[in-house]
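Let me begin by presenting the structure, written as structure tokens, before commenting on it.
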Amino acid sequence: MTPFNLTQFYADWATILPECFLLLWACVITGAAVLGRTDESKSGTFAIWTIIGTLATAVWVAVTQDGAAFGGTFVFDRLAVVFKEVILAGVILTAAASVGTVSRLRAHRGEYYGMILFSAVGMMLMVSATELLTLYIALELSTVTLFVLAAYHKTNRKSAEAGLKYVILGGISSAILLYGVAILYGLTGTTELARISQGIQRQFMASGSFPPGLALALLLILAGFGFKLALAPFHMWAPDVYEGAPTPITAFLSVASKAAALAAFLRVFFVGGQPAQLIWIQAIAALAALAMIVGNATAIVQTNIKRMLAYSSVAQIGYMLVGAVALDPWGATSISYYAMAYLFANMGAFVCVIAFAERTGSEEISDFSGLSRRSPILAGFFALFLLSLAGVPPTAGFLAKYYVFAAAIQKGYLWLVLVGVATSVVALYYYATVIMKMYFPAEQTEGGFPVARTLTIVLAVSALGVLLLGILPGPVVDWIKAAAQSFVPPT
Amino acid sequence: MEGIGLTHYLTLSAVVFCIGVFGMLTRRNAVGVLMSIELMFNAVNITLVAFARYVTPATITGQVVAIFTIAVAAAEATVALAIVLLIYQHHRGIDVDRINFMKW
Amino acid sequence: MSGLLSWMIFLPLIGAIVALFMPKDNHRLIRGIAFVATLLPLILTVVLLAQYDPSTAEFQFVEKAAWIPGLNVNYHLGADGIAVPMLALTTLLSFLAALVSFNITKRVKEYFAFFLLLETGMLGVFSSLDFFLFYVFWEVMLVPMYFLIGIWGGPRKEYAAIKFFLYTLFGSIFMLVAVLALYFTSTPHSLSIIEHIQRAPQMTRGFQLFAFVFFFIAFAIKIPTLPFHTWLPDAHVEAPTAVSVLLAGVLLKMGTYGLLRVSFPMFPEATRFFAWPMAILGVAGIIYGAMVCMAQTDLKKLVAYSSVSHMGYCLVGMAAVGSVAGISGCMFQMVSHGLITGALFTLVGVIYDRAHTREISAFGGMWIKVPVYSGIMILFVLGSLGLPGLSGFVSEFMVFLGAFPYFKITVAIGVVGVLLTAAYFLRMIQKMFLGPVAGHSEGLTEINFREIVAITPLAILMIAIGVYPALLSDLIQPTIENLVRLIGA
Amino acid sequence: MLSYAWLIPVFPLCSMAVIMLLTHRNRVLSAALSITAVSISFLYAWAIAFTVWGNPEVQRFSFDWLNLGPSMHIPIGIQIDGLTAMMLIVVTTVALMVQIYSLGYMHGDPRFSRYYAFLSLFTMAMLTLVLADNFFLMFVAWELVGLASYLLIGFWFEKQSASDAGKKAFITTRLGDLGFIIGLLMIYTGCGTLTFGGVFEAVKTGALGGAFLTTAAIFLFGGAIGKSAQVPLHVWLPDAMEGPTPVSALIHAATMVVAGVYLVARSLTIFMGAETAAMTVAWIGIITSLMAASIGLVQNDIKRVLAFSTVSQLGYMIMALGLGGFTAGTFHLMTHAFFKSLLFLGAGSVIHAVHTNDIREMGGLHSKMKTTSITFLIAAFAIAGIFPLSGFWSKDEIVAATLGHPVFTVLTLLVAFMTAFYMFRLYFLTFTGTPRDKHKFEHAHESPKVMTYPLIFLAVLSVVSGWIGLPWLHHGFSSVVFHEEPHHAEFHYGLAAISLLVGLSGIGLAYLMYYKRRIDPDRIATSMPGLYNTLLNKYYFDEAYEVLVIKPYYVMCQGWFWFDQHIIDGLVNGAGAFGVLWGRFQRWADETFVDGAVNGIGWLTRGFGATIRYLQTGSLQNYAFIVFAALVILWILR
């Protein structure tokens, strides 16, 4: 045991300050709500300010602190900064988009925001965790709150069903992940990623082969992450939960939760599993291809917009993981960039669905018919987000796809890229079909409707993100690239 | 080879895990499913503790992880049971076979 | 004037954005904006032509700035002898098509916004010297086109729009893969088209073949060459008049432009290898397109299929990779087809506006009823069937003359296309314009002043190039000679 | 003087442009413009002719039209030699006469101005064609005369037959032009130039020769086959008679149709360098000549008889050229232009008077229209080759050219006999005997002076134009159109006598059959029904083309279109437009794809999507099962 050191103590807690800050206010908001001391509109505003505060703290930490804390179990490096910003952006947008949804809840309005904040704490911890136990706890913190959120529409049968499916499958995947962690621990005697990596390397050097259980361990961990990421074939929960959960939560699930899992995935596989890449890289490529094919093919036949977006999210994760086969700074950059582009586009798309459903009460694709006449702004935003998801320039989605395909081509995964490009044509078909429904009908459908102000702001911010990342991506790319280079050993 | 060793623990744990999986897949009752999941967690705990004992006797990492796992599993079970209650209110039953309103 | 190309490209975009902020019921104002936003690039084109130095194959008006340094992406523009005629064609046709569009009354604001965005995309493609930029513009164009066909199109607009969108995207994605491959095989990694051309001799044969095929799929769909052409009749027929004009006049040229800009100088060995198959495809397109035209009953569809036939000449011409005449012929055909088919689609639109049908059999004796319209139509038809003195003849003759030494029998078969073209066009003329006044011809009114204004520049250019082709060849010759040298056949 | 010769076609060009753009509403002004322009060209042409004929130098003026380096260097310009000068005279003279004549003939036509514009267009193109110093410019003009021909044949386009005929003419000649184009391509490939001088130089030095040259020459001749209505592309010319008669006189008798002859004459060096090609030319010429003459024997449409006569005479010229008879061919070209245009204009005058083309409804018109009758008779004598009219001299040269090829000589004389016969059959049936249609006869009248004066002028030329070839002039006609060096067959008194005799006997036979009625033509016809019907139906060429070419082509086009819509597009829809077949466009798909021709990837994708969605059963235990199954599979595949 190292003796107590005040400087070290200060540095450790300073590094984790944003999480602490967030946790504190999450407790306050939840507590106030439980005690009935606040009304929901205030707690919403409060939550947003909390996150802005956290963001500011995080920026401050990013500037002043650097490196590992708590004996190397927690790290605030550039990758963490990137993903924390992404997650916090996602949380802010979710919170802002929730206003209407929350106002229609019968009870427990305040706790809703508290839950989101708790989940956000978990995600932020996850991004920074460099040790498997920390990672696991953080992951569970974020997931368990999401179980609650998914079932938040207590009176809605779909929501309850979503909650149940999510919690049970979540539990299984959690057990699977943990089993993998346990085996890895048994093989290397540690749960710290850096040392795991060294351990594997050492054993490989010594015996010329990987320890026998390693493949199983990595596979189990991959399955665990696959669940969080909704990666085919571990995605089965996603469409049902996406459909049943309150839409802001769906957006949150599909964006922030995935971003956190992705960061953790990068840490585990790009750092911890890096020496064993021979074992898992083919599996990743196969799963990515499967995700692109299954996600896109199934999305075509959907009639519910949320379900369609759910399958499209499955495919999107496939595209992100195309970048993973590169296993170098390029790959990490491409995945991170993709996550960021996806954040805005998918969040925007779901918020469009919220805005639409708030006014029409429908989530059927066929009801989008003629939207461009009823609400040109909403239709315009939705079209923009869909085009970004489809990867049409000059939106962020295009550069993101370009980036991941580039990473794969660089490593010679031509077949994977061809699968990617072929399926993205399929993807364009169903995105374009929605656009067609919105824009092409000539006849005027019934009256126009406005979009709530907060939602408009969320949409505008997302659209700005989509366009800026697409048109002037230079600084962001440089920023992410630096982050990726800082933690991925160049090959 | 004398007495009980690491292999036995690992085997036991694998068997328990599989029983959990099997129960999880076959139980019709949601609570039964949850219990099966608990079995899976406990299988993992056995592994962890066994590894802690045999691989890293000097540190207690494994035990710590196991304790945390128990805590997390409890939390999860709490939420799960709450949701099962919710389901019961909607469905007047907790047969997981009948909970397939959303599909395809 | 610095940033000439940038101004040209982005003025329409600025126009589009301005138009979006205008009240949506003030059609006059929006049309005025569209008019100005297409006229200004046209004026800049004149400046461009005046400042362009035709004695060199170097890129001129070059603008270069770092765009995404992390990916070595640059904002790199420039124009040479291949690009300049295309830029001029684009600005001209856009302007005229904007005039033609003034009779649009449905969702005017959106229409012109998309229209102007489309012009930006087209001009961008023709002046990009960076692959990323090139690809971005290439794709950007699809979106407004999708909407323009889908919203303002004919009865089967949804089908046509999505078919166009998917088909082109499908092709261009292959281009993306090839671009990425180029990027990673170069050291230092580069997306500059110029740099890749310079390193062409170091590329291995296998790589060249691979990249050529991938690019070719993208370009062939756009041209479109024979087996990839079926999006074209649908898109052309369903699109509103002005969009058909741009589709046929400019978008199809992007395929051939891409081949000349990218594939030929960059993969000389593969180009030589694929020259003969390209000639075969071209000739097959000529004959096949002409024969299918013969079976058409819809005037617009006939013109659409005639594009398939006419773009075949381009392919034959460029297949003569060692011949300045052949490749120049391809360029001439690109310009000439742009002028002629643009005009033909406009003219088809003129009668469709009046009679609301395009069935050939629904008309008869139009020459009696609307002599001015008929005269103009026949003039352009004659241009299209390659009558000497009009631009179509010059390009066809150049193509044949250039390609004949290389592919004697193939070209000789291609020459038959000249006859088949005459056959279907004369059949159309006979049914619609000759004979006694019949069917919808009864109520037709003469072509109006605005429409004549939109057609006249095309007619003048068609005749000017036909009579004195050196007007155009002087612009392109050094560039083409350089290209032939790079291919090194 | 000569250096401004390019102005000759510019005058009619200007008149065309002005009429089209400005004066088309003013009939008088339009006609005046057109006639003035062609008059200037006419005077200019004569002036040039006198300059050139005294000065046997080839004059060339050219500039670079397009220079792309060796792969395409095309200078264009004009070249003036004897042949050109002769052609200029022919074209401008006939054009002027026809334009004046048309003032009367086309009087009252609603599209009078347009008619003159088209005539100007034609004149311009034809003059360019003969002035060109290279094959390229010649081809350009060649196509433009084709266009003018198309427009003028179909001038009365309300009539289905007229617009059909125009289309047929354009397409048939264009078929020949394909050969022309390929010939040009071969020549350019072979010697890198298209100027006459350069090409002939290459042929002479042997740079261009052998089978390549022969093939090129035969392809080149394809152009002439089309334009000069040789077998098997002669079918358009008889139909072209649907145009106004003055047009037939100008385009389809005197000028455009001889463009093919001119082409062969101009490039005779090439044909002389390729023996096989030359013989092909000669044979096609004589076969055409025989066939057309035999058809002419039985036709009843006054203009068609003349049309077949034209075809036959063109075959004559072509044959002569094929046998190397440069002077003979070109000489006959000139005389034929005058007397045949006279015949047509005469026929036009008759038609103008009786409003029918059918000679069975005419007869005895001599009494009503003396000028027409006499001038027609002069022309008929000329074409029959009667001394001392122009046709005698030129036909004699042709017969002389066949010396050494006995088969040709015999056939030539046979044609001469038939020509004399059908021409006088025509004359007797039209102008002599008793009127067979009283009503039409009574309304008949002599044409106005604007129409008869051109007839008289041409009649004079038909008489005297042959005298240039008088045997006692130095070198005769060849000194006029000299080609390389003047070579002139000695005037052959014996041959001249024989051919004169043959002509007279043809006239005699016609006299007996149609004037004296000593022999009943109907009996002969009924005694040989097979032959008669074959001739009457023009050897069934049109029917054969209809069945063998046009119908199959249409069917084939429809077939390809079906293929395009169903197979290619079907595959694309299958492969690309996912779901299009099944979702929104179900109905359309059902209609189009009932045959199930398409089971492409699109269907598969949609089907795939529709299938795997059912894995999503909604049962969470199934989901969990898939998770574990996937784990197991991944473990196995590891």
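In order, the protein sequence lines correspond to chains A, B, C and D. Sequential numbering from 2 applies to the first sequence in the working numbering. Sequential numbering from 43 applies to the second sequence in the working numbering. Sequential numbering from 3 applies to the third sequence in the working numbering. Sequential numbering from 168 applies to the fourth sequence in the working numbering. We put the CB at the ideal spot given by N, CA and C, even for glycine.
Query raised in the report: Does DSSP put P190(C) in a helix, a strand or coil?
Result: For this step, residue 190(C) is matched to residue 188 along the third sequence. Residue state, collapsed to three classes: coil.
Query raised in the report: Which residues, in order along the segment 785-797 of chain D, keep a beta-carbon less than 7 Å from a beta-carbon of chain A?
Result: G785, L787, Y790, A791, I793, V794 and A797
Query - Simplified DSSP assignment, three categories, for A297(C) - result: The count along the third sequence starts at 1 and reaches residue 297(C) at position 295. Three-state DSSP puts A297(C) in coil, outside helix and strand.
Report task. Name the two residues that bound the continuous alpha helix (DSSP H) containing N76(C). Result -> Here residue 76(C) refers to the residue found at position 74 when the third sequence is read from its first residue. No alpha helix (DSSP H) holds N76(C); the beta strand (DSSP E) holding it covers V75 to A81.
Report task. Take H50(B) and list the residues in its own chain whose beta-carbon comes closer than 6 Å to its own, dropping the five residues that flank it on each side. Result -> By 1-based counting over the second sequence, the position of residue 50(B) is 8. If we look at H50(B) and ignore the five residues flanking it on each side, it has no Cβ neighbours.
**Report entry** Neighbourhood of I674(D) by C-beta, 7 Å cutoff - its chain only, sequence neighbours within 5 removed
**Finding:** Against the fourth sequence, residue 674(D) aligns to sequence position 507. Result list for I674(D): A551, A587 and F591, in chain order.
Query raised in the report: If you measure beta-carbon to beta-carbon, which residues of the segment 63-83 of chain B are closer than 7 Å to chain D?
Result: V63, M66 and L67
Query raised in the report: Between which two residues does the beta strand (DSSP E) containing I243(D) stretch?
Result: Here residue 243(D) refers to the residue found at position 76 when the fourth sequence is read from its first residue. Its beta strand (DSSP E) spans residues H240 to I247.
Query raised in the report: Within the 8 Å Cβ cut-off, does I458(A) reach chain B?
Result: Your numbering for residue 458(A) matches position 457 in the first sequence. No, I458(A) does not count as interfacial toward chain B.
Query raised in the report: Are at least three pairs of beta-carbons, each pair with one atom in the segment 200-210 of chain D and one in the segment 257-273 of chain D, less than 8 Å apart?
Result: yes
**Report entry** Any C-beta of chain D under 8 Å from that of W416(A)
**Finding:** Along the first sequence, one-based indexing puts residue 416(A) at 415. Not one chain D Cβ lies under 8 Å of W416(A).
**Report entry** Identity of the residues DSSP links to I267(D) by a beta bridge
**Finding:** As a working mapping, residue 267(D) is identified with position 100 in the fourth sequence. Paired residues: none, contrary to the question.
Query raised in the report: Taking buried to mean at least 16 other C-beta atoms within 10 Å of its own C-beta, is F64(B) buried or exposed?
Result: Translated into the one-based positions of the second sequence, residue 64(B) becomes position 22. That one is exposed.
Requested in this report: Taking C-beta pairs closer than 9 Å, name the residues in chain D that L372(A) reaches, listed in chain order.
Outcome: By 1-based counting over the first sequence, the position of residue 372(A) is 371. Ordered by position in chain D, no residue passes the 9 Å Cβ test against L372(A), which lies about 17 Å from the chain.
Requested in this report: List the endpoints of the continuous alpha helix (DSSP H) containing A241(C).
Outcome: Indexing the third sequence from 1 puts residue 241(C) at position 239. First-last for A241(C): undefined, no H or E at that position.
Requested in this report: Could you list which residues in chain A have their beta carbon closer than 7 Å to that of F172(C), in chain order?
Outcome: Mapped onto the third sequence, residue 172(C) falls at position 170. In chain order: V426.
**Report entry** From T424(A), A139(A), G227(A) and A401(A), residue whose alpha carbon lies closest to that of M293(A)
**Finding:** Residue 293(A) sits at position 292 when you count from the first residue of the first sequence. Answer by Cα proximity: T424(A).
Report task. Determine contact between the segment 322-330 of chain C and the segment 402-416 of chain C, defined as no fewer than three beta-carbon pairs at a distance below 8 Å. Result -> yes
Query raised in the report: In this structure, what does DSSP give as the bridge partners for L233(D)?
Result: For the purposes of this step, residue 233(D) is identified with residue 66 of the fourth sequence, where counting begins at 1. Note: L233(D) sits in a beta bridge opposite I241(D).
Query raised in the report: Below 8 Å, can you find three or more Cβ-Cβ pairs linking the segment 218-233 of chain C to the segment 717-737 of chain D?
Result: yes
Report task. Determine the chain A residues that contact I70(C) at a beta-carbon separation under 8 Å, and present them in chain order. Result -> Position 68 of the third sequence, counted from the start, is the residue given in the question as residue 70(C). Chain A residues near I70(C): L400, P474, G475 and V478.
Query - Beta-carbon contacts of L261(C) that lie in its chain and below 7 Å, excluding the five residues immediately before and after - result: Position 259 of the third sequence, counted from the first residue, corresponds to residue 261(C). Excluding residues within five positions, the ones whose Cβ falls inside 7 Å are F221 and M320.
Query raised in the report: So what does Q226(D) bridge to, in DSSP terms?
Result: Position 59 of the fourth sequence, counting from 1, holds the residue named residue 226(D). Answer is I247(D).
Query raised in the report: By Cβ distance below 6 Å, which residues in the same chain neighbour K705(D) in space, the five residues on each side in sequence not counted?
Result: In the fourth sequence, residue 705(D) corresponds to position 538, counting from 1. So the qualifying residues of the chain are I462.
Query raised in the report: Of all the residues that make up the segment 93-104 of chain B, which are near chain A by a beta-carbon distance shorter than 9 Å?
Result: F93, A94, Y96, V97, T98, T101, T103 and G104
Query raised in the report: According to the Cβ coordinates, are L165(A) and I141(B) closer than 8 Å?
Result: Locating residue 165(A) in the first sequence gives position 164, where the first residue counts as 1. Locating residue 141(B) in the second sequence gives position 99, where the first residue counts as 1. Yes, Cβ-Cβ distance for L165(A) and I141(B) is below 8 Å.
**Report entry** Supposed contact pair L18(A) and T58(A) - C-beta distance, whole angstroms, cut 8 Å
**Finding:** By one-based count along the first sequence, residue 58(A) stands at place 57. By one-based count along the first sequence, residue 18(A) stands at place 17. Indeed they touch by this definition, with Cβ atoms about 6 Å apart.
Query raised in the report: Ordered along the chain, which non-local residues of its own chain (more than five positions away) have a Cβ less than 6 Å from that of Y243(A)?
Result: Here residue 243(A) corresponds to residue number 242 of the first sequence, with the count starting at 1. Hits under 6 Å: T251, K307 and A311.
Query raised in the report: Whose C-beta lies closer than 8 Å to the C-beta of I88(B) among residues of the same chain, with five residues either side of it excluded?
Result: Reading the second sequence from its first residue, position 46 is the one you call residue 88(B). Within the same chain, I88(B) has close Cβ partners Y51, L54, S55 and V58.
Query - the segment 310-322 of chain D contacting the segment 191-203 of chain D, beta-carbon criterion three pairs below 8 Å - result: no
Requested in this report: Measure how close the beta-carbons of S397(C) and Q335(C) come, nearest whole angstrom, since I'm counting them as under 8 Å.
Outcome: Sequence index remark: in the third sequence, residue 397(C) carries index 395 (1-based). Sequence index remark: in the third sequence, residue 335(C) carries index 333 (1-based). The Cβ separation is near 4 Å, so the contact holds.
Query raised in the report: Among residues of its own chain, excluding the 5 on either side of G750(D), which ones have a beta-carbon nearer than 7 Å to its beta-carbon?
Result: Mapped onto the fourth sequence, residue 750(D) falls at position 583. Any answer about G750(D) is weak, because its pLDDT of 33 lies below 50 and its placement is not dependable; what the coordinates show is given next. So the list is empty, once near-sequence residues are dropped.
Query - Host beta strand (DSSP E) of A70(A) (start-end) - result: Against the first sequence, residue 70(A) aligns to sequence position 69. From DSSP, the beta strand (DSSP E) with A70(A) extends over G68 to A70.
Report task. Please say whether S330(C) and A482(C) have beta carbons closer to each other than 8 Å? Result -> Position 480 of the third sequence, counted from the start, is the residue given in the question as residue 482(C). Position 328 of the third sequence, counted from the start, is the residue given in the question as residue 330(C). Per the sequence shown, residue 482(C) should be read as Ile rather than Ala. Yes. Within cutoff.
Query - Within 8 Å, strictly: CB atoms of V431(D) and L488(D) - result: Counting from one through the fourth sequence, the residue named residue 431(D) turns up at place 264. Counting from one through the fourth sequence, the residue named residue 488(D) turns up at place 321. Closer than 8 Å, so yes.
**Report entry** 8 Å Cβ cutoff, S487(A) in contact with chain C
**Finding:** On the first sequence, residue 487(A) is found 486 positions in, with the first residue counted as 1. With 8 Å as the cut-off, S487(A) does not count as an interface residue toward chain C.
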